[in-house]
Amino acid sequence: GTAAGLADRLAGRADVVDAGDPLALDAVLGDLAARGVRRLMVEGGGGIHTLFLTADAVDELQLVVAPFFVGDPSAPRFVRSGVFPQSPARPMRLQEATRIGDLALLRYLVGGARG
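Following this line, the structure appears as structure tokens:
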């Protein structure tokens, strides 16, 4: 498969783990935990954001708000359709707001994330 081919091309310079297609988040997080990873920063597009948030695998979320709007309906969105554990009954908590020029960095604690 693709992972085996990539592992061959990297020739021991990196560990390649096949996490399936679609990605099996439990497999990825389990592999990282076995390697001693206790804290992980995730950057990605809407698919990755949705995967982690709907799996309740997030303990902190940092959002930057820019001073303009994108009105193109085909523009990428922060998340895709999904069932999210955050709700009015279980909201994220704003921990910090930082001004960076005309931008606002909002740091939320999500709660419920796996250890």
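If you read the sequence shown in the numbering used here, its first letter stands for residue 111, the second for the next number, and so on.
All C-beta atoms in this analysis are idealised placements derived from N, C-alpha and C, irrespective of residue type, glycine included.
Since the model is a prediction, treat every value here as computed from it, not as a measurement.
Which whole-angstrom value describes the C-beta separation of Phe-188 and Gly-156, a residue pair presumed to lie in contact below a C-beta threshold of 8 Å?
6 Å
When Ala-185, Val-138 and Arg-123 are compared against Leu-129, the one with the closest alpha-carbon
The sequence shown places Ala at residue 129, not Leu. Of the listed residues, the one whose Cα sits closest to Ala-129 is Val-138.
Supposed contact pair Phe-162 and Val-152 - C-beta distance, whole angstroms, cut 8 Å
6 Å
Consider the C-beta atom of Glu-170 and the heavy atoms of the ligand SAH; say whether any pair is separated by less than 7 Å.
Judged by which ligands are present, the structure shown has none, so any question about the ligand SAH falls away.
Just confirm the distance between the C-beta atoms of Leu-213 and Ala-207, as a whole number of angstroms; I'd bet it's less than 8 Å.
The pair is not a contact, with the Cβ atoms about 11 Å apart (cut-off 8 Å).
Please list, in chain order, all residues of the same chain as Met-202 whose beta carbon is under 6 Å from its beta carbon, the five residues on each side excluded.
Gln-196, Tyr-218 and Val-220
Residues that DSSP places opposite Gln-172 in a beta bridge
Arg-217
Does the beta-carbon of Val-147 have 16 or more other beta-carbons within 10 angstroms, so that it is buried, or is it exposed?
Residue environment analysis places Val-147 among the exposed positions, since fewer than 16 neighbouring C-beta atoms fall within 10 angstroms of its C-beta.
With DSSP collapsed to three states, give me the class of Arg-123.
coil
How many angstroms separate the CA atom of Val-127 from the CA atom of Ile-210?
37 Å
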